[in-house]
Amino acid sequence: MSKVVLDGSGVIVYLALTPEYLAETNAWRDDKCSLHPNRHWRRYPTSNGGVQIRQQCLNCGYVIGGSRKRTLEDESLPFVDPSIGERYDDKRESEFHAIRQRHARMQHEKNNSFFKEYDEYLRSEAWKNKRRLVLKRANGVCEGCGLSEAREVHHLTYAHRMNEFLFELVAVCTECHERLHEDEVESPEEVENGDAGHDDEAYYLLCSDCRWQGDRDRQRWCEYTDMPAEHATTEGGPCGPQRLLHAELK
3 MSKVVLDGSG VIVYLALTPE YLAETNAWRD DKCSLHPNRH WRRYPTSNGG
53 VQIRQQCLNC GYVIGGSRKR TLEDESLPFV DPSIGERYDD KRESEFHAIR
103 QRHARMQHEK NNSFFKEYDE YLRSEAWKNK RRLVLKRANG VCEGCGLSEA
153 REVHHLTYAH RMNEFLFELV AVCTECHERL HEDEVESPEE VENGDAGHDD
203 EAYYLLCSDC RWQGDRDRQR WCEYTDMPAE HATTEGGPCG PQRLLHAELK
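What follows is the structure in structure tokens.
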């Protein structure tokens, strides 16, 4: 994950290293001029005032190998042009910057779109009806303790978010709902020892009672944003400190 400032808006995005981003950056890296096919002999000034005859790649400006013996014809050769390398480096840097900007912008737009879509879903009649059916199925009694009044609907999984099966939802009382999320949180010892895959205290506090926390490939995962939780919870991330009081996540 790395910090990217979007051109034009100045918005800070913490870029997730997605397979698509890695594939494009690897292709960019492989495209580097390494074999130097466009070689030409040039005069190369040395630090002691002499001149050597060496090859320069006119694609990237790199001066290749050692010098050869000079001949009279070499006096007409152009000097090594350092601006070729400068232009090539600028071009490569511009290409890499464009890749990072494009993927950061796509991730930012995707995250914003998802938050808006899910917030709208939680306010929709579809969710209200589904919630009503779950509470009705439980006869208004908590399916956790079987005693208290069910006031909350808890997701057992987010595999079908926004299109849940009723058996993926349970009716629970407030106390049981809190216990469910407490049971999902690692102990401070796990966090400290790195067993949780994240040793940031701010992350631990932020995600401790969030119903979207999960695990994938031995790392904590934010099911809400579909990215590693450490990416989602950084400052400027889609679920960072600025969303600490976001009620819909609880």
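Start counting the sequence shown at 3; every next residue gets the next number (our numbering). Note that the Cβ used here is the ideal one computed from N, Cα and C, for glycine as well.
Do the region 138-152 and the region 167-179 touch if we need at least three Cβ pairs shorter than 8 Å?
yes
Give the straight-line distance between the Cα atoms of residue 131 and residue 29, rounded to the nearest whole angstrom.
Position 129 of the sequence shown, counted from the first residue, corresponds to residue 131. Position 27 of the sequence shown, counted from the first residue, corresponds to residue 29. Roughly 49 Å separates the two Cα atoms.
Presumed contact (8 Å Cβ cut-off) between residue 13 and residue 110, rounded CB distance
Mapped onto the sequence shown, residue 13 falls at position 11. Mapped onto the sequence shown, residue 110 falls at position 108. Confirmed, Cβ separation roughly 7 Å.
Tell me the residue span of the alpha helix (DSSP H) that contains residue 90.
Here residue 90 refers to the residue found at position 88 of the sequence shown. Note, residue 90: alpha helix (DSSP H), 84-124.
May I ask which residues mark the beginning and end of the alpha helix (DSSP H) holding residue 26?
Counting from 1 along the sequence shown, the entry for residue 26 is found at position 24. Note, residue 26: alpha helix (DSSP H), 21-32.
Taking 7 Å as the cut-off, decide whether the C-beta atoms of residue 56 and residue 69 are in contact.
Here the question's residue 56 lines up with position 54 in the sequence shown. Here the question's residue 69 lines up with position 67 in the sequence shown. Yes.
Here's the rule I'm using: 16 or more other beta-carbon atoms within 10 Å means buried, otherwise exposed. How should residue 162 be labelled?
As a first step, residue 162 is located in the sequence shown; it is residue number 160 there, counting from the start. Under this definition residue 162 is an exposed residue.
State buried or exposed for residue 134, treating a residue as buried only when at least 16 other CB atoms are found within 10 Å of its CB.
Within the sequence shown, residue 134 is the residue found at index 132, counting from 1. Result: exposed.
Could I get the ranges of all uninterrupted beta strand (DSSP E) runs contained in the region 131-190, with 3 residues as the minimum, in chain order?
154-157 and 171-174
Among 168, 153 and 151, the one whose alpha carbon lies nearest that of residue 159:
As a working mapping, residue 159 is identified with position 157 in the sequence shown. It is 168.
Across the region 38-45 and the region 57-76, are there enough close Cβ pairs to call them in contact, namely three or more that are closer than 8 Å?
yes
Give the DSSP-derived three-state secondary structure of residue 4 in the structure shown.
Taking the first residue of the sequence shown as position 1, residue 4 is located at position 2. Three-state result, residue 4: strand.
contact_flag[the region 113-121, the region 74-82] where n(CB pairs < 8 Å) is 3 or more
no
Using only alpha-carbon positions, find the residue among 101, 54, 165 and 4 that is nearest to residue 43.
Counted from its first residue, the sequence shown places residue 43 at position 41. Checking every option, the nearest Cα to that of residue 43 belongs to 54.
Measuring CB to CB, does residue 90 end up less than 7 Å from residue 63?
Here residue 90 is taken as the residue at index 88 of the sequence shown, counted from 1. Here residue 63 is taken as the residue at index 61 of the sequence shown, counted from 1. Cβ distance < 7 Å, so residue 90 and residue 63 count as in contact.
Assigned exposure category for residue 128 - 16 Cβ within 10 Å defines buried:
Taking the first residue of the sequence shown as 1, we reach residue 128 at position 126. With fewer than 16 Cβ atoms within 10 Å of its Cβ, residue 128 is classed as exposed.
Same chain, Cβ closer than 6 Å to residue 194, neighbours up to 5 away in sequence not counted:
Position 192 of the sequence shown, counted from the start, is the residue given in the question as residue 194. Only weak support is given to the placement of residue 194: the predicted model assigns it a pLDDT of 35, under 50, and the value that follows is read from those uncertain coordinates. Excluding positions up to five away in sequence, the list is empty.
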